[in-house]
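Line order of the protein sequences matches chains A and B. All residue numbers for the first sequence refer to our numbering, where the first residue is -1 and numbers rise by one. All residue numbers for the second sequence refer to our numbering, where the first residue is -3 and numbers rise by one.
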Amino acid sequence: DAGVIQSPRHEVTEMGQEVTLRCKPISGHNSLFWYRQTMMRGLELLIYFNNNVPIDDSGMPEDRFSAKMPNASFSTLKIQPSEPRDSAVYFCASSLVPNSPLHFGNGTRLTVT
Amino acid sequence: TQLLEQSPQFLSIQEGENLTVYCNSSSVFSSLQWYRQEPGEGPVLLVTVVTGGEVKKLKRLTFQFGDARKDSSLHITAAQPGDTGLYLCAGAETSGSRLTFGEGTQLTVNP
Chain A
-1 DAGVIQSPRH EVTEMGQEVT LRCKPISGHN SLFWYRQTMM RGLELLIYFN NNVPIDDSGM
59 PEDRFSAKMP NASFSTLKIQ PSEPRDSAVY FCASSLVPNS PLHFGNGTRL TVT
Chain B
-3 TQLLEQSPQF LSIQEGENLT VYCNSSSVFS SLQWYRQEPG EGPVLLVTVV TGGEVKKLKR
57 LTFQFGDARK DSSLHITAAQ PGDTGLYLCA GAETSGSRLT FGEGTQLTVN P
């Protein structure tokens, strides 16, 4: 079991650029979550999918953020245009079903200058 | 969204000491999960408690779910430097499918 795989591990970009974060969930897991972690706000749920369908995107900060899950083995989180306040560690997690224990990836540390 | 408050926010102790971390809410949760996160990694599940009053032990770690399923505690006996990390509690809402995370307790165990 390779676990949840995220890429890239680190991303440094300039304000205004588009950023795409990628996630491969654990095979067989039906739920996928995107979280953002900062010192100030802790771990925040951005969006989650169940069976590839977005269920709750109320945590997405604004229209600059979008997420897709075209199939059961891949999801992306896109920020366009990026801003310095988007700097954070973004985690992808998957679980068998919603509310079951989460398996997190190692995160993408995003720095927007 | 149901809120979870963890205390203390930071804890620095010496090896061999005991400690307790608390996770409190005014809301009822169907279950509560505890995770530990180390630098540069994602949180890793330690335990899930489901029944009010439930106590689970994992070696030197003891987890308890409050009778009313609104709070939980994590007690570590004879802490070791390897216990250092960010401890997060997460409550599963009784309605819906969201997990709400507390802000975490950063534990440092000094040799």
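The C-beta atom is built at its ideal place from N, Cα and C for all residues, glycine as well.
- Between the beta-carbon of E11 (chain B) and the beta-carbon of P107 (chain B), is there less than 7 Å? yes
- Query: Taking the alpha-carbon positions, what's the V43 (chain B) to L100 (chain A) distance?
  - Reply: 11 Å
- Query: Any C-beta of chain B sitting closer than 7 Å to the C-beta of P99 (chain A)?
  - Reply: yes
- Distance, Cα to Cα, G98 (chain B) vs P77 (chain B)? 23 Å
- Message: Would V24 (chain B) and T90 (chain B) be called neighbours here (beta carbons separated by less than 7 Å)?
- Response: yes
- Message: With a threshold of 7 Å between beta-carbons, can P39 (chain B) be considered close to chain A, or not?
- Response: yes
- Message: What does the alpha-carbon distance come out to for the pair L41 (chain B) and L28 (chain B)?
- Response: 11 Å
- Task: Assign P82 (chain A) to one of three DSSP states: helix, strand, or coil.
- Result: helix
- Query: How long is the line joining the alpha carbons of L43 (chain A) and T47 (chain B), rounded to whole angstroms?
  - Reply: 25 Å
- Message: Contact between the segment 20 to 34 of chain A and the segment 86 to 94 of chain A is defined here as three or more beta-carbon pairs at a separation below 8 Å; is this criterion met?
- Response: yes
- Cβ of Q2 (chain B) within 7 Å of any chain A Cβ: no
- chain B residues whose Cβ lies nearer than 8 Å to that of F47 (chain A): Here the premise fails: no neighbours, minimum Cβ distance about 11 Å.
- How big is the Cα-Cα spacing for E81 (chain A) and R107 (chain A)? 14 Å
- Message: On the CB-based measure, 16 or more other CB atoms within 10 Å of its CB, does P68 (chain A) come out buried or exposed?
- Response: exposed
- Buried or exposed for N97 (chain A), please, with buried defined as at least 16 other CB atoms from any protein chain shown within 10 angstroms of its CB. buried
- Residues within the segment 14 to 47 of chain A neighbouring chain B, beta-carbon criterion of under 7 Å: G40, L41 and L43
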